[in-house]
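Take a look at the structure set out below.
Protein chains: 2
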Amino acid sequence: MTSLDAIDIRLLEALQKDAKQSIKQLAELVNLSVTPVHERIKKMENSGLIKEYVAVIDPDLLGKTLVAYCQVTLVRHKEDQFQEFEAYMNTLDEVMEVSYVAGNYDFLIKVLLKDMDEFQYFILHKLSKLEVISNIQSSFVIKSFKNNSAIKIRK
Amino acid sequence: MTSLDAIDIRLLEALQKDAKQSIKQLAELVNLSVTPVHERIKKMENSGLIKEYVAVIDPDLLGKTLVAYCQVTLVRHKEDQFQEFEAYMNTLDEVMEVSYVAGNYDFLIKVLLKDMDEFQYFILHKLSKLEVISNIQSSFVIKSFKNNSAIKIRK
DNA sequence: ACTGAAAAGAGCGCACT
DNA sequence: AGTGCGCTCTTTTCAGT
Numbered sequence: 001m002t003s004l005d006a007i008d009i010r011l012l013e014a015l016q017k018d019a020k021q022s023i024k025q026l027a028e029l030v031n032l033s034v035t036p037v038h039e040r041i042k043k044m045e046n047s048g049l050i051k052e053y054v055a056v057i058d059p060d061l062l063g064k065t066l067v068a069y070c071q072v073t074l075v076r077h078k079e080d081q082f083q084e085f086e087a088y089m090n091t092l093d094e095v096m097e098v099s100y101v102a103g104n105y106d107f108l109i110k111v112l113l114k115d116m117d118e119f120q121y122f123i124l125h126k127l128s129k130l131e132v133i134s135n136i137q138s139s140f141v142i143k144s145f146k147n148n149s150a151i152k153i154r155k
Numbered sequence: 001m002t003s004l005d006a007i008d009i010r011l012l013e014a015l016q017k018d019a020k021q022s023i024k025q026l027a028e029l030v031n032l033s034v035t036p037v038h039e040r041i042k043k044m045e046n047s048g049l050i051k052e053y054v055a056v057i058d059p060d061l062l063g064k065t066l067v068a069y070c071q072v073t074l075v076r077h078k079e080d081q082f083q084e085f086e087a088y089m090n091t092l093d094e095v096m097e098v099s100y101v102a103g104n105y106d107f108l109i110k111v112l113l114k115d116m117d118e119f120q121y122f123i124l125h126k127l128s129k130l131e132v133i134s135n136i137q138s139s140f141v142i143k144s145f146k147n148n149s150a151i152k153i154r155k
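Going down the list, the sequences are from chains C and X.
The numbering of the first sequence is full-length UniProt numbering, which starts it at 1 and goes up by one.
The numbering of the second sequence is full-length UniProt numbering, which starts it at 1 and goes up by one.
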């Protein structure tokens, strides 16, 4: 892990908000010429700190307005059941996030769907197909704030 | 909402994986010349379907290895308490996501931190400052899969 | 580690089919 | 809606401080 100075941090914060800014713009932001800014960014890309650049799509405009969090509990806690669960989750497009957690349940999954009909279908015909699942508790998102992916970088 | 054809969908899927691809590359992908690809992308940007382009940073390389989900319940359900809660969440950098949900609790928040010490500090000195909170139940992420932001686009 | 300039490449508009 | 060309801006490399 390469150490970051104040300029790197400002660049990262800027790129997390808008990755399409030109190096020239970024250079003006940090009061440098383009070359060092270019080098700094390339270094952070190569180290893996900047993992990727992605387009963010508005799910609402695709008709995907229902977000649900499902707390899933498995019947017993055996290694291959976890792998089976994980593998199956990877085949489901509507499943956006899967976290294996320590707490009152085993997995927290975030699901993005069109509506309640799709949700019902998802639960009854997709999730419930797994016999390793003993319990599912769902919460529906009414409103969400702060869906930003930007990580605050402190020294 | 403008309707999407198969080419738009392929472009969106490609841009969700890697926003730094050149239009030339994308044009080859969909077997078109650069101009229509450029027009299609601009149209999707202007309609708001493509909301933004962002750099994705690896939290592990910044030492942020602890992800927690906190289920927060408020004391009573009054409008201004929700706004107070929302406003305060917006001031906290470690809070990545806030969802107001229908279920057994009121809010699900996702928190990104360095370690358990930071978590303890977060709960005791930041979250608990809000008197409107009556209960917090936390689950810690041991392992997470599918942390991709890519939305599956079907017709 | 930075500046400045120069070559290579991408974005973007235009005339046309 | 599509192709192909041309101008402009950006990225990327290189010599020099």
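Glycine included, C-beta positions come from ideal geometry on N, C-alpha and C.
Candidates the options: closest to residue i by CA position
i, options, result
"leucine 32 of chain X", "X:Gln83, X:Ala6 and X:Tyr105", "X:Ala6"
"glycine 103 of chain C", "C:Glu84, C:Thr73 and C:Glu79", "C:Thr73"
"alanine 14 of chain X", "C:Glu52, C:Val75 and C:Ser47", "C:Glu52"
"phenylalanine 85 of chain C", "X:Gln81, X:Lys24 and X:Phe145", "X:Phe145"
"arginine 154 of chain X", "C:Leu61, C:Leu4 and C:Ser3", "C:Leu61"
Neighbour flag for residue i against chain X, beta carbons, 8 Å
i, result
"alanine 27 of chain C", "no"
"isoleucine 50 of chain C", "yes"
"glutamine 81 of chain C", "no"
"lysine 20 of chain C", "yes"
Endpoints, the beta strand (DSSP E) within which residue i is located
i, result
"valine 141 of chain C", "133-145"
"glutamine 71 of chain X", "66-74"
"isoleucine 50 of chain X", "50-57"
"tyrosine 100 of chain X", "95-102"
Distance, residue j Cα to residue i Cα
i, j, result
"arginine 10 of chain X", "isoleucine 57 of chain C", "13 Å"
"aspartate 117 of chain C", "leucine 124 of chain C", "11 Å"
"valine 37 of chain C", "aspartate 8 of chain C", "9 Å"
"threonine 65 of chain X", "phenylalanine 119 of chain X", "11 Å"
"valine 132 of chain C", "asparagine 147 of chain X", "23 Å"
"alanine 19 of chain C", "serine 138 of chain X", "33 Å"
"serine 47 of chain C", "aspartate 115 of chain X", "23 Å"
"leucine 12 of chain C", "lysine 143 of chain X", "25 Å"
"aspartate 93 of chain X", "isoleucine 151 of chain C", "8 Å"
"leucine 127 of chain X", "phenylalanine 107 of chain X", "12 Å"
"serine 149 of chain X", "valine 54 of chain X", "11 Å"
"lysine 78 of chain C", "threonine 91 of chain C", "21 Å"
"histidine 21 of chain X", "glutamine 81 of chain X", "Inspection of the sequence shows that residue 21 of chain X is occupied by glutamine rather than by histidine. The alpha-carbon atoms of glutamine 21 of chain X and glutamine 81 of chain X are separated by roughly 45 Å."
8 Å Cβ cutoff, residue i in contact with chain C
i, result
"methionine 89 of chain X", "yes"
"alanine 102 of chain X", "yes"
6 Å CB neighbourhood of residue i in its chain, flanking five on each side removed
i, result
"isoleucine 109 of chain C", "Cys70, Val95 and Val98"
"lysine 17 of chain C", "none"
"methionine 44 of chain X", "Ile50"
Close-in-space but distant-in-sequence residues of the same chain around residue i (CB under 7 Å, 5 per side omitted)
i, result
"tyrosine 88 of chain X", "Leu130"
"leucine 29 of chain X", "Arg10 and Ala14"
"glycine 63 of chain X", "Lys114"
Beta-carbon contacts of residue i that lie in its chain and below 8 Å, excluding the five residues immediately before and after
i, result
"valine 34 of chain C", "Ile23, Lys24 and Ala27"
"alanine 68 of chain C", "Lys110, Val111, Leu113, Phe119, Ser138, Ser139, Phe140 and Val141"
"tyrosine 105 of chain C", "Gln71, Val72, Thr73, Asn135 and Gln137"
"valine 101 of chain C", "Phe107 and Leu108"
Span of the alpha helix (DSSP H), counted from its first residue to its last, around residue i
i, result
"phenylalanine 122 of chain C", "That residue, phenylalanine 122 of chain C, is in no alpha helix (DSSP H); it is neither H nor E in DSSP."
"valine 34 of chain C", "34-46"
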